[in-house]
Amino acid sequence: MRRLLVTSALPYANGHIHIGHLVEYIETDIWVRAQRMIDDRRVVYICADDTHGTAVMLRARKEGRSEVEIINEMSEAHQKDFADFRVVFDHYGSTHSEENKGYAREIWRAFRQRGLVRSVEVEQLYDPVAKLFLADRFVKGTCPNCKSPDQYGDNCDKCGSTYDATELIDPKSTLSDAKPELRKAEHLLVDIEPEHAFLDVWTQAEGRMPRETANYLKGFFLNNPLRAWDVSRPAPYFGFEIPDAAGHHFYVWFDAPIGYIASTKQWADKVGEKFEDWWRSPETEIVHVIGKDIVKFHTLFWPVMLKLGGFTLPRRVQVHGFLTVDGEKMSKSKGTFVMASTYAKHLDPECLRYYYASKLGPSVSDLDLNLEEFVNRVNAELVNKVVNLASRSSRFLAKTGFAATYPDDEGLFAAGAAVHDDILDAYENWDFAKVTRIAMELADRANAYIDRAQPWALAKQAGKESDVQAVSSIALNLYRQIVTYLAPIVPRLAEGSAALLGCSFDRFDAVKTPLTSSPVGAYQHLMKRIEPAQVTAMVEESKPAEVPATAALTPEAAAVPTAQTAPVDDGSAMEKEPLAAICTIDDFTKVDLRVARIVTAEIVPESKKLLRLSVSLGGEHRRTVFAGIKAYYKPEDLVGRLVIICANLAPRQMKLGKTEVTSEGMVLAAGAAGEAFVLSPDSGAKPGQRVH
RNA sequence: GGGCCCAUAGCUCAAUCGGUCAGAGCCCCCGGCUCAUAACCGGGCUGUUCCUGGUUCGAACCCAGGUGGGCCUACCA
Numbered sequence: 154m155r156r157l158l159v160t161s162a163l164p165y166a167n168g169h170i171h172i173g174h175l176v177e178y179i180e181t182d183i184w185v186r187a188q189r190m191i192d193d194r195r196v197v198y199i200c201a202d203d204t205h206g207t208a209v210m211l212r213a214r215k216e217g218r219s220e221v222e223i224i225n226e227m228s229e230a231h232q233k234d235f236a237d238f239r240v241v242f243d244h245y246g247s248t249h250s251e252e253n254k255g256y257a258r259e260i261w262r263a264f265r266q267r268g269l270v271r272s273v274e275v276e277q278l279y280d281p282v283a284k285l286f287l288a289d290r291f292v293k294g295t296c297p298n299c300k301s302p303d304q305y306g307d308n309c310d311k312c313g314s315t316y317d318a319t320e321l322i323d324p325k326s327t328l329s330d331a332k333p334e335l336r337k338a339e340h341l342l343v344d345i346e347p348e349h350a351f352l353d354v355w356t357q358a359e360g361r362m363p364r365e366t367a368n369y370l371k372g373f374f375l376n377n378p379l380r381a382w383d384v385s386r387p388a389p390y391f392g393f394e395i396p397d398a399a400g401h402h403f404y405v406w407f408d409a410p411i412g413y414i415a416s417t418k419q420w421a422d423k424v425g426e427k428f429e430d431w432w433r434s435p436e437t438e439i440v441h442v443i444g445k446d447i448v449k450f451h452t453l454f455w456p457v458m459l460k461l462g463g464f465t466l467p468r469r470v471q472v473h474g475f476l477t478v479d480g481e482k483m484s485k486s487k488g489t490f491v492m493a494s495t496y497a498k499h500l501d502p503e504c505l506r507y508y509y510a511s512k513l514g515p516s517v518s519d520l521d522l523n524l525e526e527f528v529n530r531v532n533a534e535l536v537n538k539v540v541n542l543a544s545r546s547s548r549f550l551a552k553t554g555f556a557a558t559y560p561d562d563e564g565l566f567a568a569g570a571a572v573h574d575d576i577l578d579a580y581e582n583w584d585f586a587k588v589t590r591i592a593m594e595l596a597d598r599a600n601a602y603i604d605r606a607q608p609w610a611l612a613k614q615a616g617k618e619s620d621v622q623a624v625s626s627i628a629l630n631l632y633r634q635i636v637t638y639l640a641p642i643v644p645r646l647a648e649g650s651a652a653l654l655g656c657s658f659d660r661f662d663a664v665k666t667p668l669t670s671s672p673v674g675a676y677q678h679l680m681k682r683i684e685p686a687q688v689t690a691m692v693e694e695s696k697p698a699e700v701p702a703t704a705a706l707t708p709e710a711a712a713v714p715t716a717q718t719a720p721v722d723d724g725s726a727m728e729k730e731p732l733a734a735i736c737t738i739d740d741f742t743k744v745d746l747r748v749a750r751i752v753t754a755e756i757v758p759e760s761k762k763l764l765r766l767s768v769s770l771g772g773e774h775r776r777t778v779f780a781g782i783k784a785y786y787k788p789e790d791l792v793g794r795l796v797i798i799c800a801n802l803a804p805r806q807m808k809l810g811k812t813e814v815t816s817e818g819m820v821l822a823a824g825a826a827g828e829a830f831v832l833s834p835d836s837g838a839k840p841g842q843r844v845h
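Residue numbers for the first sequence, in my numbering: 154 to 845.
Listed below in structure tokens is the structure:
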């Protein structure tokens, strides 16, 4: 029996969980759930809030309440967010706990006993009003190099030079506006260089961490003597006082990872487990999941702390990249800095779990949440392919249940069972994208099978009842295999399916045995398709309140003077097709819109929707454009008309019957499905003029 | 400035050891079907596997150089 202790990094108590955080917790939760579906292992998933440090202290001052009040409130909010996303911990603790204080002191003593602690005196800027030492990001002033005003205390974003905060001209505290004074402060450093050789071996061990991470450490830190680590902060500081150094507190990054241990201890006491089995046992495999920004803490300092303290060292440090949205950093102004709670308000957490899984591989690359692809992929793969399998086959079995014996299925079920080991390997190796790929292949095959077998046709023939049952039993058993494989990724879908099929989805092994004879429940939708409007609404809500969501048309602009009768403009069009994401003027100028005259228009017999238009941009400039307006316009009505075309649209090849044609632009038209209104300029416009 | 990673169809990505590996899904077009959530099925379209050399019987894969991205970090390697 393997014993696994898995952790995600501890979220900081100063902020709410957002969709970037969720990459990590979803990734970890999926891995944990997958491990639990394999027989010979025991898995405990531990997390906690990271509570200490200057940021929380300052917020407490600002809001006039205690730090403890704040961190309790945040812990509750974090846990609610995680629960919404089906991230389930065995225990969720806090670094502000007696247990954590105890272990922090224990590890500190270990450093002391080895003589690895030394004291240095540092000259640092001090805010006499706020009464605290200022970290670089709390000091602003004029760059000593290029004289740019308003630069932070570590480097200048104008000239790029780096300097010490004490070199700033006219420094100011961002907390109080006071002029900081130079004060001496004592700091305690721990020396980790004596463990250099240990880290050389430990970090480079096969499978310890992703290869690129190991390379990074080797090329960046381990090729030089390791610098001592400053682990103390002078009072005032929200944190634990260092026992043998009054007035000094453990730096937040010192006690944060120790929270893994403390939280485990709380869990062990809670459930009656022996703590020593989990953190003092070479039998236990500890797995940390972290983002690439905190690699240094988890792969250099942390193992040394553990080793000196006599704790079990991690077997694996799994590292993921950052989240981008539509190819860019999450942005508050663009509405892509989405809080977990905002997402959950508009969209199904299962969808995000699936999408993240479909993009998560074993490497440390960043993950892009492309909102259009998100809608597309979840709908196409999860709903259309997978869930629809249950929808289209379970109804046939509502009365009869599964066939008594599993019918001949052309080897489909056996093929589904055969990928069992591949799926387990993919999970083990954090390659969830591969899991979804395999599952989609199975779903494609199952759908094709149903189409071939045509149970709906059989259902109309007398005496074919058992055939209908056989076909549907096969389809639903294939569905069960697929959902079993996906269960760690989409646990709620698995639960819903369990109710429908009357079986559980808690063991991968189940894919090897088909269900027979058992009853099938009444079908209810297990998952809904995502409407693009939901995504738009979520993005809009995520934008800062000051910026109007839709910097809209003024009433004057909207009121067209030629309108004779008062038009009734209801909001249905906007509701059907909500506003796209904001684009910049630069985005807009990429699109070259031109006035064009339709010279010829002809019906394309091979096509249902298209008309072939030849348009003139003036002079020799002619374009052949195919437009999907055959159903709405007669060719002869179009000839001679001025229209607006997108003139720099990439040419598009289309195959009409056996001939290949190319469309060299697009005619602009309004309207949804079932209607089309071609745009025209007012009279006087000339072909070739650009629309600005 | 240094280091690391990456580059395959319009998009997202596959391709065990160098040997039918040039593929899938989405998009788009055509056709079919109607059990199913405008879902499903079949067919079609799209590639100098970034470029240039090299190694090899054979390269998307190995080597060298270049170009273009991304990340980390900085006068320290």
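All C-beta atoms in this analysis are idealised placements derived from N, C-alpha and C, irrespective of residue type, glycine included.
Note down the Cα distance separating residue i from residue j, rounded to an integer number of angstroms.
| i | j | result |
| --- | --- | --- |
| Lys233 | Ile223 | 15 Å |
| Pro644 | Ala257 | 36 Å |
| Trp261 | Glu394 | 11 Å |
| Tyr369 | Lys325 | 37 Å |
| Gly818 | Gln687 | 31 Å |
| Glu339 | Gln188 | 47 Å |
| Glu694 | His171 | 14 Å |
| Arg682 | Val539 | 12 Å |
| Leu113 | Ala599 | Any question about residue 113 goes unanswered here, given that the chain covers just 154 to 845. |
| Ala556 | Ile576 | 28 Å |
| Pro714 | Val796 | Bear in mind that a pLDDT of 29 at Pro714, under 50, signals an unreliable position, so the model cannot answer this. |
| Gly168 | Ser228 | 10 Å |
| Leu764 | Tyr602 | 37 Å |
| Thr319 | Leu278 | 7 Å |
| Leu352 | Ala399 | 32 Å |
| Pro840 | Ala822 | 17 Å |
| Gly425 | Val536 | 42 Å |
| Pro410 | Glu581 | 24 Å |
Need the endpoints of the beta strand (DSSP E) that residue i sits in, please.
| i | result |
| --- | --- |
| His244 | His244 to Ser247 |
| Pro387 | Ser385 to Pro387 |
| Thr477 | Leu476 to Val478 |
| Arg682 | Taken as a continuous stretch (DSSP letters only), Arg682 belongs to no beta strand (DSSP E), as it is neither H nor E. |
| Ala675 | Taken as a continuous stretch (DSSP letters only), Ala675 belongs to no beta strand (DSSP E), as it is neither H nor E. |
| Ser494 | Taken as a continuous stretch (DSSP letters only), Ser494 belongs to no beta strand (DSSP E), being part of the alpha helix (DSSP H) at Ala493 to His499. |
| Val470 | Arg469 to His473 |
| Leu522 | Leu520 to Leu522 |
| Phe373 | Run containing Phe373: none in the beta strand (DSSP E); it sits in the alpha helix (DSSP H), Arg364 to Phe373. |
| Thr108 | Residue 108 is absent from the model: the chain starts at 154 and stops at 845. |
| His402 | His401 to Phe403 |
Over what stretch of residues does the alpha helix (DSSP H) that includes residue i continue unbroken?
| i | result |
| --- | --- |
| Arg189 | Ile172 to Arg189 |
| Gly444 | It is not in any alpha helix (DSSP H) - Gly444 instead sits in the beta strand (DSSP E) that spans Thr437 to Gly444. |
| His573 | His573 to Glu581 |
| Gln419 | Ile411 to Val424 |
| Thr589 | Phe585 to Ala606 |
| Glu229 | Glu220 to Asp237 |
| Cys504 | Pro502 to Lys512 |
So who's on the other strand from residue i, going by DSSP bridges?
| i | result |
| --- | --- |
| Ile199 | Thr160 and His244 |
| Arg750 | Ser769 and Leu795 |
| Phe286 | Tyr279 |
| Tyr165 | Asp203 |
| Ser272 | Leu341 |
| Arg155 | Arg194 |
| Val831 | Ala822 |
Cβ of residue i within 8 Å of any heavy atom in the ligand NAP?
| i | result |
| --- | --- |
| Lys233 | Here there are no bound small molecules, and the ligand NAP is not part of this structure. |
For the region 291-356, list the beta strand (DSSP E) runs that are entirely contained and at least 3 residues long, ordered along the chain. 292-295, 322-326 and 334-343
Contact between the region 455-469 and the region 180-190 (3+ Cβ pairs under 8 Å): no
Enumerated in chain order, which unbroken segments of the beta strand (DSSP E) with a length of 3 residues or greater are wholly contained in the region 619-643? none
Assess contact between the region 463-481 and the region 195-207, defined as three or more Cβ pairs (one per stretch) separated by less than 8 Å. Is contact present? no
Answer yes if the region 427-444 comes into contact with the region 326-336, meaning at least three C-beta pairs across the two stretches below 8 Å, and no otherwise. no
Report yes or no: do three or more beta-carbon pairs, one from the region 437-455 and one from the region 488-503, lie closer than 8 Å? no
Would the region 295-305 count as touching the region 404-421 if we require 3 or more Cβ pairs under 8 Å? no
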